[in-house]
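Residues in the sequence shown are numbered consecutively from 1, following full-length UniProt numbering.
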Amino acid sequence: MKRIIPLILLFIFLVSCSSSGQGGTDAQPQSYIENKGSDTIVNLALAWAEQYQMDYPNIRLSVTGGGSGTGIAALVNGTVDIANASRQIKSNEIDLAADKGIVPVEHIIARDAIAVIVNPENPVTKLTLQQISDIYSGVYTNWSEVGGEDRPIVRLSRETNSGTHVYFLETVLRLGVKDSDTLFSTNTLLLPSSEGIIIEVRQNPNAIGYDGLGYVPHDLKVIAIAPEAGDAFILPSVETVNSGTYPIARDLYMYTDGEPTGAVKEYLDWIMSAQAQEIVRELGFVPIN
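Next comes the structure, spelled out in structure tokens:
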């Protein structure tokens with residue numbers, strides 16, 4: 001009997017250790033955050049998720065792209081915790097959300113410059129916003145009309161579901177004029193991803209495209225842009241975005257259903273931290289603090 005008692009006590013001790021987290025259920029993920037939307041933000045969101053899960057292993061984050069419209073639609077349908085968007089939510093999207101009892105709340109998580117890019121063989125180095133608008137709307141069809149060689153202009157754009165497409169249409173093609181009806185030329189090639197534009201510009205000396213600055217590799221030429229004729233031509237950078245001198249810059253957003261709570265709030269608070277914002281800088285975006 002004396003030998004049985006110590007064995008019983010040992011068994012109780014081992015069970016207690018197991019239930020206190022040594023390989024027990026406490027080591028398993030306790031919270032799951034679904035994050036979807038903007039292809040501009042997706043690489044940044046993936047980098048954030050990787051770092052956050054290393055620091056907080058009880059959290060699991062799923063990050064996917066598909067475009068700002070896709071992310072906002074998922075939020076409206078209640079299938080994601082956080083929607084990524086490179087544009088602000090539209091009034092009709094807010095109305096659709098309200099019909100389903102969803103209240104989108106906006107969080108500015110970084111800033112971005114939209115770089116206009118061409119093949120390194122293209123001698124054009126600078127353009128005004130009006131010239132870029134005229135190129136994409138089809139007024140100009142040959143590079144010689146804007147100081148280049150006698151070559152046809154091949155226009156590349158993101159597809160219409162992209163927040164970058166919407167921003168570029170409103171800010172560049174329409175020059176910020178609310179009632180403008182200027183549209184992309186009908187022969188503009190619409191591509192589904194930022195990487196697709198990069199690949200096409202790299203292969204085609206006649207191409208012009210646009211992308212978030214964080215996606216632009218060093219082997220492509222970035223065009224310096226002037227807001228108006230006679231103004232200084234400015235290249236995109238963290239400094240020129242923060243100073244307000246680069247004319248094609250925007251905020252980047254995450255949207256939640258109502259004010260975030262629990263694990264989602266903790267994650268968004270971390271995104272605003274110096275650690276997370278340094279990742280913003282490392283990936284070529286502009287920190288917000």
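We put the beta carbon where it would ideally sit given N, CA and C, even for glycine.
All figures in this text were calculated on a predicted structure; none of them were measured in a lab.
What first and last residue would you give for the beta strand (DSSP E) that runs through residue i?
i, result
"L169", "Run containing L169: none; DSSP gives neither H nor E here."
"R151", "Unbroken run through R151: none, as it is neither H nor E."
"M254", "A249 to D257"
"K90", "Unbroken run through K90: none, as it is neither H nor E."
"Y210", "A207 to G212"
Assuming residue i is part of the alpha helix (DSSP H), what are its boundary residues?
i, result
"T64", "First-last for T64: I59 to T64, but that is the beta strand (DSSP E), not the alpha helix (DSSP H)."
"T128", "T128 -> not in any alpha helix (DSSP H); beta strand (DSSP E) instead, spanning K126 to T128."
"D181", "Run containing D181: none; DSSP gives neither H nor E here."
Could you say which of the options lies nearest to residue i if we only look at CA atoms?
i, options, result
"V241", "E50, R281 and D181", "R281"
"T79", "S62, S91 and I41", "S62"
"T186", "S157, L96 and G65", "S157"
"H107", "K265, L283 and E278", "K265"
"T160", "K100, V286 and G66", "G66"
"V103", "D112, I117, N92 and Y140", "N92"
Identify whether residue i lies in helix, strand or coil by the three-state DSSP scheme.
i, result
"Y140", "coil"
"G21", "Per-residue confidence for G21 stands at a pLDDT of 39, beneath the threshold of 50, marking its modelled position as unreliable; the derived number appears in the next sentence. Looking at G21 - three-state DSSP - the assignment turns out to be coil, as it is neither helix nor strand."
"T40", "helix"
"S194", "helix"
"I34", "The residue asked about is misnamed: residue 34 is Glu in this sequence, not Ile. Reduced to three states, the DSSP call for E34 is strand."
"I288", "coil"
"E239", "helix"
"I271", "helix"
Residue i: buried (16+ other C-beta within 10 angstroms of its C-beta) or exposed?
i, result
"E36", "The identity of residue 36 in the sequence shown is Lys, whereas the question assumes Glu. Per the 10 Å Cβ criterion, buried."
"Q275", "exposed"
"Q30", "exposed"
"M54", "exposed"
"N43", "buried"
"A249", "buried"
"residue 320", "Past the edges of the chain, shown from 1 to 289, lies residue 320, and the structure says nothing about it."
"G101", "exposed"
"P120", "exposed"
"D26", "Low confidence applies to D26: its pLDDT is 48, below 50, so where it sits in the model is not reliable, and the reading given next is rough at best. Under this definition D26 is an exposed residue."
Within 8 Å of any Cβ in chain B, is that where the Cβ of residue i sits?
i, result
"Y167", "As a matter of chain content, chain B is missing from the structure shown, which is built from one protein chain."
Margin query: I want to know whether the region 149–159 touches the region 200–207 - three or more CB-CB distances under 8 Å.
Written below: Pairwise C-beta distances place the region 149–159 in contact with the region 200–207, as three or more of them are shorter than 8 Å.
Notebook entry, point to check: Between the region 231–239 and the region 73–88, are three or more C-beta pairs nearer than 8 Å?
Noted result: No, they do not touch.
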